[in-house]
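Trainee: Take this structure, written in structure tokens, and hold onto it; I'll ask about it next.
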Amino acid sequence: MNMQSHGLTPERLSNLKRLEAESIHIIREVAAEFSNPVMLYSIGKDSGVMLHLAMKAFYPSKPPFPLLHVDTTWKFRDMIAFRDETAKRLGMDLLVYTNPEGLEKNISPFEHGSSVHTHIMKTEALKQALNKYGFDAAFGGARRDEEKSRAKERVFSFRNANHGWDPKNQRPELWSLYNARVAKGESIRAFPLSNWTELDIWQYILTENIPMVPLYFAAKRPVVNRDGMLIMVDDDRMKLQPGEVIEEKLVRFRTLGCYPLTGAIESDADTLPAIVREMLIARTSERQGRLIDKDESASMEKKKREGYF
Amino acid sequence: MTIENIEEAAETAVTDYILAQESKDQLRFLTCGSVDDGKSTLIGRLLYDTKLIFEDQLAALERDSRKHGTVGEDIDLALLVDGLEAEREQGITIDVAYRFFATEKRKFIVADTPGHEQYTRNMATGASTADLAVLLVDARNGLMIQTRRHAFIASLLGIRHVVLAINKIDLVGFSQERFEEIRKEFEVFANGFDFETLQAIPMSARYGDNVTGRSDKMEWYSGPTLLEHLETVQVGEHVLEAPFRFPVQWVNRPNLDFRGYSGTVASGQVAIGDELVVAGPAKQSRVKSIIGATGEVSSARAGEAITIALEDEIDISRGDLLTSTAHRPEVADQFAAHVIWMSDEPLLPGRSYLLKIGTRTVTATVSEIKHKINVNTFEHVAGKTLTLNEIAFCNFSLSSAVPFDPYEANHTTGSFILIDRMSNSTVGAGMVWFALRRASNIHWQALDVDKAARSEKLGQKPAILWFTGLSGSGKSTIASIVEKKLHIDGRHTYTLDGDNVRHGLNKDLGFTDADRVENIRRVGEVAKLFADAGLITLVSFISPFRSERKMARDLLEDGEFIEVFVDTPIEECRKRDPKGLYAKADRGEIKNFTGIDSPYEAPENPELHIRNVGRDPEEVAEEIIEYLREHGYLNSFGSDGEGI
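Residue numbers (this note's numbering), protein chains in the order written: chain A, -18 to 290; chain B, 16 to 659.
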């Protein structure tokens, strides 16, 4: 897309250009300094932007690391289709990992609740996958504007051998000099999108025309209103509770996760500009659609200490 | 955000609006002030007034305010920005938090940093990426020690734009007199700090006066509101005008037809056809093509992440610096720099740290602390070590020459971090001031490769630690621990062990007196060669005769031979008998066994006399290291290097 500069001093980089360059710098630092990095690919919009930036960072080469998707088996079917298609389109190696014990025990967000499900199928599964492949660095698409404890997280976030994060003992991070030194077993989570906001992400998707999972766009979908959240009936594992009815509603998703834990919003925004427009006038922050943040306001910090991404 | 406009806009208009946003500028700033000056409240106010507090966050905030809040029934805006549980409970900010908001003109990234003295490190962290600093002052208290300290740190980190936010002006009756008094005092004080812009603004963060909206209670103030100033202040042109600098991050080699160098332009501009040089080796070539974020481009500028391909095949790898040929950086292995110490473990001159500058990591030692700086009075004070949050001006000695610019001229090529080699923590941050003469010369003069050159390259003084003592006295155990410690400290070492040497070099020798002498002669010669190579050599030999030890000593230069007498009585050695040798000797199976049927001549004046009964070998090893340190063996070579 052709970008005009709007009365800006010609030399100054725009906000998006500056963010883009900073992210590419971070991605290259990780690739250059670590022996076995991996990019966590969660299929959502932030992952999509991060992957897009990685493709740019190494062009005309391919990114020198694989993608890893921790599959809880409860992702929307559209997400899985999009994941496979994206990896194929870009020629990226895709590793898919599911916690085998969780699978064996049939861990389900419906049966076991969001917290147990998230712990076993996401946090534990991620640790297992990182251990299995011996990754010493993992890219994540988290942003500092998402949530309070993220605001203090470093771009290179150190994890001990148990994948734990110690918020009170973080490495100082100055200039663009990232400390990539880890002992055996320790690792770094690298967050190239640290300084992006949700609006930056959507603007970038629009200007760069980055493909997104259809679930972000409004469509008629079968949903059930459960505890005030619109849960999409994505497969027959969702059992209706007494009094619940499946309704066809024009909905879309602001964030994507496991379908039983991700609430839809009623919306008619079916194009990128419409989504951005809706976001500009929305007064509800994006994580609100996720059940896991609701218990206590410091819940994310607790999860991260335990190794959640 | 003009939300109403957007709501009415057609989809194409929205697209245009979004694309217009693409050209929006970015400003990174830092807020600092004393504990209760209202930093967090100010940021909360900016977020609140620019409508970036969403309703559900607001609901959470109201809940939190009732639990932790310090402003009674009102919403405590500070809680919005204090992230971690621990600090929320203590009511103070203990780390750097990054916050985001945007207006039509700019997107802002705010580093919120704590005011306590012990958090100098966090403020420096926030300042390192900031274009501007907002210094908060409580109008009631005026300038505090902290205000001066923050101005100093901002200036040290090269921040050129400062806002003096004179907050809580409502609590002094919106007094112009008070405002002017504080403003003038600060201007006089900040005169030496070389700030390009200094804007004083009277405000009340809690009630919003002059933060985003003009106050109707201060008719006397005609300057901009904080937000107006942040939206319009011109920053960051220097980096575009500076000479071209490009630290190579990664070599991009997808196939035999393409070889590119990926990195971020640290300063200046570059275009196809430009003549570039690799700093140091001074290899030159021309830019053949440039790949930018949008594909092939003809030029690029500071801040852009690009890949450069050159006309000629020259050997370039990560850590190299591509620069303009007209304005080249310094290349040196010694420089003087300001350092902010960030670790609980003190900085020790002579200790080896990893130093990351640009994309290059080398080992480095502080050869001398020239002076420490008292952050409150700016006085220069003497010091032998640096503790957490201390700032000093130091001479550095690096394991190899690196290209750099003075920090003042270029923040990217003039800044570095120090990493502890054991814990891998980031322990310090530095800003290069100038190259030291000795280092600059090295790269322009031919050099005879001799002992001095080799040891200088290794950054150490050669030495022979000669452990002598009875079999079983603990020589090898101690020597091995000493070597490990030296190795960890980044020293280049080698151990010659009696038993091991007898398996190879000296396997033709027996244990007669003559063979013992020849044994020691050969080992002495080998030790001499190692000293010539610049190594610290640990020799662990019974070496029972004074004369042979003297012979070895005489082969070496004064001060290179350190005799370590491991003094363990024979009864004790016999009791330990780690290899069962005493038992064999007693049975007559070994002849000429030292201490039994062959004499041991104890040293008369050893450099170190270790009485080794009942002592922890670790502790003994430490004593030996301490000796080396005290006698200057572990000082970095060239600690006499002086500034230009």
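Glycine residues also receive a C-beta, built at the ideal position from the N, C-alpha and C atoms. What you are looking at is a predicted structure, and each value in this text was computed from that prediction instead of being measured.
Tell me whether Trp356 (chain B) is buried or exposed, calling it buried when 16 or more other Cβ atoms sit within 10 Å of its Cβ.
Mentor: Taking the second sequence and counting its residues from 1, the one referred to as residue 356 (chain B) is at position 341. Classification of Trp356 (chain B): buried, given that the 10 Å Cβ count is 16 or more.
Trainee: Below 7 Å between beta carbons is the criterion; list the residues of the stretch 274 to 288 of chain B that meet it against any residue of chain A, in chain order.
Mentor: Under the 7 Å Cβ criterion, the stretch 274 to 288 of chain B contributes Ser277 and Thr279.
Trainee: From Ser143 (chain B) to Ala450 (chain B), what distance separates their C-alpha atoms?
Mentor: Taking the second sequence and counting its residues from 1, one reaches residue 143 (chain B) at position 128. Taking the second sequence and counting its residues from 1, one reaches residue 450 (chain B) at position 435. Cα-Cα distance, rounded: 22 Å.
Trainee: If you draw a straight line from the C-alpha of Asn270 (chain B) to the C-alpha of Lys500 (chain B), how long is it?
Mentor: Along the second sequence, one-based indexing puts residue 270 (chain B) at 255. Along the second sequence, one-based indexing puts residue 500 (chain B) at 485. Approximately 45 Å, taken between the alpha carbons.
Trainee: Below 6 Å CB to CB, which residues in the same chain sit around Ile640 (chain B) once its five sequence neighbours on both sides are set aside?
Mentor: On the second sequence, position 625 is the one that residue 640 (chain B) refers to. Result list for Ile640 (chain B): Lys500, in chain order.
Trainee: With His176 (chain B) as the anchor, note down where its beta strand (DSSP E) starts and where it stops.
Mentor: For the purposes of this step, residue 176 (chain B) is identified with residue 161 of the second sequence, where counting begins at 1. Here the beta strand (DSSP E) through His176 (chain B) covers His176 to Asn182.
Trainee: So, at 6 Å on beta carbons, what are the nonlocal neighbours of Ile256 (chain A) in its own chain, with the 5 sequence-adjacent residues on each side left out?
Mentor: Here residue 256 (chain A) refers to the residue found at position 275 of the first sequence. Excluding sequence neighbours, Ile256 (chain A) sits near Ala250.
Trainee: Got a sec: which bits of the stretch 109 to 138 of chain B sit with their beta carbon under 8 Å from any beta carbon on chain A, in order along the chain?
Mentor: Flagged, chain order: Ile109, Asp110, Val111, Ala112, Tyr113, Arg114, Phe115, Ala117, Arg121, Lys122, Ile124, Arg136 and Asn137.
Trainee: Near Thr79 (chain A), what residues of its chain come up, given a Cβ to Cβ distance below 8 Å and the 5 sequence neighbours on each side ignored?
Mentor: Taking the first sequence and counting its residues from 1, the one referred to as residue 79 (chain A) is at position 98. If we look at Thr79 (chain A) and ignore the five residues flanking it on each side, its Cβ neighbours are Val51, Asp52, Thr53, Thr54, Met102 and Ala106.
Trainee: Quick check: the Cα distance between Ile305 (chain B) and Ile321 (chain B), rounded to an integer number of angstroms?
Mentor: For this step, residue 305 (chain B) is matched to residue 290 along the second sequence. For this step, residue 321 (chain B) is matched to residue 306 along the second sequence. For Ile305 (chain B) and Ile321 (chain B), the distance between alpha carbons rounds to 7 Å.
Trainee: Report the three-state DSSP secondary structure of Pro632 (chain B) (helix, strand or coil).
Mentor: Your numbering for residue 632 (chain B) matches position 617 in the second sequence. In the structure shown, Pro632 (chain B) sits in a helix (DSSP, three-state: H, G or I).
Trainee: Using a Cβ-Cβ cutoff of 8 Å, what residues of the stretch 135 to 161 of chain B are near chain A? List them in chain order.
Mentor: Against chain A - using a Cβ distance shorter than 8 Å - the residues of the stretch 135 to 161 of chain B are Arg136, Asn137, Ala139, Thr140, Ser143 and Thr144.
Trainee: With distance defined between alpha-carbon atoms, name the residue in B:Thr279, B:Arg260 and B:Leu485 nearest to Asp592 (chain B).
Mentor: Sequence index remark: in the second sequence, residue 592 (chain B) carries index 577 (1-based). Among B:Thr279, B:Arg260 and B:Leu485, the Cα nearest to that of Asp592 (chain B) belongs to B:Leu485.
Trainee: Whose Cβ in chain B lies nearer than 7 Å to the Cβ of Asp126 (chain A)?
Mentor: In the first sequence, counting from the first residue as 1, residue 126 (chain A) sits at position 145. What Asp126 (chain A) touches in chain B: Phe115.
Trainee: For the beta strand (DSSP E) that contains Ser237 (chain B), what are its first and last residues?
Mentor: On the second sequence, position 222 is the one that residue 237 (chain B) refers to. Ser237 (chain B) -> no beta strand (DSSP E), and no H or E assigned at all.
Trainee: In three-state terms, what does DSSP make of Ile58 (chain B)?
Mentor: As a working note, residue 58 (chain B) is residue 43 in the second sequence. Correct three-state label for Ile58 (chain B): helix.
Trainee: Please confirm whether Gly112 (chain B) and Ala2 (chain A) have their CB atoms less than 9 Å apart.
Mentor: Position 97 of the second sequence holds residue 112 (chain B). Position 21 of the first sequence holds residue 2 (chain A). At residue 112 (chain B) the sequence reads Ala, which differs from the Gly that was named. Contact: no.
Trainee: According to DSSP, which residues form a beta bridge with Phe431 (chain B)?
Mentor: In the second sequence, counting from the first residue as 1, residue 431 (chain B) sits at position 416. The partner list for Phe431 (chain B) (beta bridge, DSSP) reads B:Ile372 and B:Gly445.
Trainee: Interface residues of chain A around Gln264 (chain B) at Cβ under 9 Å?
Mentor: The count along the second sequence starts at 1 and reaches residue 264 (chain B) at position 249. Result: His6, Arg9, Glu10, Ala12 and Ala13.
Trainee: Going by Cα to Cα distance, which pick from B:His342, B:Ser230, B:Tyr236 and B:His244 is closest to Gly283 (chain B)?
Mentor: Numbered from its first residue, the second sequence carries residue 283 (chain B) at position 268. Among B:His342, B:Ser230, B:Tyr236 and B:His244, the Cα nearest to that of Gly283 (chain B) belongs to B:His342.
Trainee: Rounded to a whole number of angstroms, what is the C-alpha to C-alpha distance between Ala13 (chain A) and Phe120 (chain A)?
Mentor: Numbered from 1 along the first sequence, position 32 holds the residue referred to as residue 13 (chain A). Numbered from 1 along the first sequence, position 139 holds the residue referred to as residue 120 (chain A). For Ala13 (chain A) and Phe120 (chain A), the distance between alpha carbons rounds to 13 Å.
Trainee: Helix, strand or coil, according to DSSP, for Met210 (chain A) in the structure here?
Mentor: The residue labelled residue 210 (chain A) in the question sits at position 229 within the first sequence. In the structure shown, Met210 (chain A) sits in a strand (DSSP, three-state: E or B).
Trainee: Rank B:Tyr236, B:Phe123, B:Asp52 and B:Trp235 by C-alpha distance to the C-alpha of His165 (chain B) and give the top, closest one.
Mentor: Along the second sequence, one-based indexing puts residue 165 (chain B) at 150. Of the candidates B:Tyr236, B:Phe123, B:Asp52 and B:Trp235, the one whose C-alpha sits nearest the C-alpha of His165 (chain B) is B:Asp52.
Trainee: Roughly how many angstroms separate the alpha carbons of Thr428 (chain B) and Val203 (chain B), rounded to a whole number?
Mentor: As a working mapping, residue 428 (chain B) is identified with position 413 in the second sequence. As a working mapping, residue 203 (chain B) is identified with position 188 in the second sequence. Distance between the alpha carbons of Thr428 (chain B) and Val203 (chain B) is about 32 Å.
Trainee: For Ala161 (chain A) versus Phe137 (chain A), is the C-beta spacing smaller than 9 Å?
Mentor: Along the first sequence, read from residue 1 onward, the residue named residue 161 (chain A) stands at position 180. Along the first sequence, read from residue 1 onward, the residue named residue 137 (chain A) stands at position 156. Yes; because the gap between Cβ atoms is below 9 Å, this pair is in contact.
Trainee: Let's see if you can read the secondary structure: which residues bound the beta strand (DSSP E) around Asn425 (chain B)?
Mentor: Numbered from 1 along the second sequence, position 410 holds the residue referred to as residue 425 (chain B). Taken as a continuous stretch (DSSP letters only), Asn425 (chain B) belongs to no beta strand (DSSP E), as it is neither H nor E.
Trainee: Which full runs of the alpha helix (DSSP H) of 4+ residues lie inside the stretch 147 to 210 of chain A, going along the chain?
Mentor: You should have 179 to 189.
Trainee: Is it right to say Glu645 (chain B) is buried, meaning 16 or more other beta carbons lie within 10 angstroms of its own, or is it exposed?
Mentor: Here residue 645 (chain B) corresponds to residue number 630 of the second sequence, with the count starting at 1. Exposed is the call here.
Trainee: In terms of residues, what are the limits of the alpha helix (DSSP H) holding Gln191 (chain B)?
Mentor: Mapped onto the second sequence, residue 191 (chain B) falls at position 176. Here the alpha helix (DSSP H) through Gln191 (chain B) covers Gln191 to Ala205.
Trainee: Please list the residues of the stretch 147 to 163 of chain A that have a C-beta atom closer than 9 Å to any C-beta atom in chain B, keeping them in chain order.
Mentor: So the close ones are Pro148, Lys149, Asn150, Gln151, Arg152, Pro153, Glu154, Leu155, Trp156, Ser157, Leu158, Tyr159, Asn160, Ala161, Arg162 and Val163.
Trainee: Between Pro41 (chain A) and Thr67 (chain A), what straight-line distance do the alpha-carbon atoms span, to the nearest angstrom?
Mentor: As a working mapping, residue 41 (chain A) is identified with position 60 in the first sequence. As a working mapping, residue 67 (chain A) is identified with position 86 in the first sequence. Rounded to whole angstroms, Pro41 (chain A) to Thr67 (chain A) spans 18 Å at the Cα level.
Trainee: Got a sec, what are the start and stop residues for the alpha helix (DSSP H) Pro18 (chain A) sits in?
Mentor: Position 37 of the first sequence holds residue 18 (chain A). Taken as a continuous stretch (DSSP letters only), Pro18 (chain A) belongs to no alpha helix (DSSP H), being part of the beta strand (DSSP E) at Pro18 to Leu21.
Trainee: Is the beta carbon of Ser412 (chain B) closer than 9 Å to that of Thr381 (chain B)?
Mentor: Residue 381 (chain B) sits at position 366 when you count from the first residue of the second sequence. Residue 412 (chain B) sits at position 397 when you count from the first residue of the second sequence. Reading off the sequence, residue 381 (chain B) comes out as Val, not Thr. It is a contact, given that the beta carbons lie within the stated cut-off.
Trainee: Helix or strand or just coil, what does DSSP make of Gly48 (chain B)?
Mentor: As a first step, residue 48 (chain B) is located in the second sequence; it is residue number 33 there, counting from the start. Looking at Gly48 (chain B) - three-state DSSP - the assignment turns out to be strand.
Trainee: Is Ile107 (chain B) close to chain A, meaning its C-beta is less than 9 Å from at least one C-beta of that chain?
Mentor: Here the question's residue 107 (chain B) lines up with position 92 in the second sequence. In this predicted model, Ile107 (chain B) has a pLDDT of only 45, less than 50, meaning its place in the structure is not dependable; the value taken from the coordinates is given anyway. False, the Cβ-Cβ gap to chain A never drops below 9 Å.
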